[in-house]
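Trainee:
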Amino acid sequence: MEAGKAKRKKYYTDDQEKMARYAKALSHPARVFVMDFLANNLDRCCYSGDMVEELPIARSTLSEHLKELKKAGLIQGEINPPYIKYCINRENWDEAKLLTGNFFKR
227 MEAGKAKRKK YYTDDQEKMA RYAKALSHPA RVFVMDFLAN NLDRCCYSGD
277 MVEELPIARS TLSEHLKELK KAGLIQGEIN PPYIKYCINR ENWDEAKLLT
327 GNFFKR
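Numbering (the working numbering) for the sequence shown: 227 to 332.
(1) Rounding to the nearest angstrom, what Cα-Cα distance links N318 and Y237 in this structure?
(2) How long is the line joining the alpha carbons of C272 and D320, rounded to whole angstroms?
(3) I314 bridges to which residues according to DSSP?
(4) Classify Y309 as buried or exposed, calling it buried when 16 or more other Cβ atoms lie within 10 Å of its own Cβ.
(5) Starting from N306, follow its DSSP beta bridges and name the residues at the other end.
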């Protein structure tokens, strides 16, 4: 260990940090809409253009919301230039549901 760099104590569990990341990503109604839209879409994937027609926000604003959901790991994008097809990241979505459900059972 380098001089002056003490190991920091970890205060939060991995599950607490994951749940906070997922909750932050879902902290805007447009992002909740996107997750609901993808979850209810028959093939569970769609292009951002499909969603922008349903929301009263600019395409660039939707892009920022998609970026936040992707950063949190809740969605993934498949690039087919010039379009990006978005899908729910099933593994992380299931984990978010489990963590949230367990939290609210307390």
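A virtual CB, placed ideally from N, CA and C, is assigned to each residue, including glycine.
Mentor: In short, the structure shows the following:
(1) Along the sequence shown, read from residue 1 onward, the residue named residue 318 stands at position 92. Along the sequence shown, read from residue 1 onward, the residue named residue 237 stands at position 11. Just so you know, the alpha carbons of N318 and Y237 end up roughly 23 angstroms apart.
(2) Numbered from 1 along the sequence shown, position 46 holds the residue referred to as residue 272. Numbered from 1 along the sequence shown, position 94 holds the residue referred to as residue 320. Taking the straight line from one Cα to the other gives about 19 angstroms.
(3) Residue mapping note: residue 314 aligns to position 88 of the sequence shown, counting from 1. BP columns for I314 point to I301.
(4) Here residue 309 is taken as the residue at index 83 of the sequence shown, counted from 1. By the Cβ-count criterion, Y309 is exposed, with fewer than 16 other Cβ atoms from all chains shown falling within 10 Å of its own Cβ.
(5) One-based indexing of the sequence shown puts residue 306 at position 80. Answer is Y309, bridged to N306.
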